[in-house]
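Q:
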C-alpha cells in the first residue's frame with residue numbers, strides 16, 4: 004500500500020512540475036511579445052563609448068578591463084555589441 008501511495012504522490016508532483024514549466028514558458032513568451040527586455044540591465048552607454056575609444060587607441064582587452072573594472076571577456080562582449088549595433 005505504501006508504494007502505491009508513493010507512486011501516486013510522485014505522479015502528482017511530476018504533473019505539477021509540468022504545469023509550472025508550461026506557465027513559465029507562457030509568461031516568458033508573453034513578456035517577449037510585449038517587448039519586455041529580460042536579464043540584467045546593460046552598463047551605461049558612456050561606458051560602451053569609453054571602451055570603444057580605448058580599443059581604437061590600441062589598448063589591450065586586459066588594460067581596458069582593468070580600467071573599467073570588468074573582466075576581459077566582459078570588455079569583448081561590449082565591443083562585439085558595439086560592432087553589432089554599428090552594423091544595423
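Residue numbers (this note's numbering): 4 to 91. For each residue, glycine too, the CB sits at the ideal point set by N, CA and C.
#1: Within 10 Å of its beta-carbon, does residue 23 have 16 or more other beta-carbons around it, so buried, or fewer, so exposed?
#2: Thinking C-alpha only, which one of 59, 26, 17 is nearest residue 82?
#3: Beta carbon of residue 78: closer than 6 Å to some heavy atom of the ligand FMN?
#4: Specify the secondary structure class of residue 40 as computed by DSSP and reduced to three states.
#5: What's the C-alpha gap between residue 89 and residue 34?
#6: Please report the straight-line C-alpha distance between residue 71 and residue 45, rounded to a whole angstrom.
A: The relevant details are as follows:
#1: exposed
#2: Considering only alpha carbons, the answer is 59.
#3: No copy of the ligand FMN appears in this structure; indeed no ligand is present at all.
#4: coil
#5: 27 Å
#6: A direct Cα-Cα distance of roughly 14 Å separates residue 71 from residue 45.
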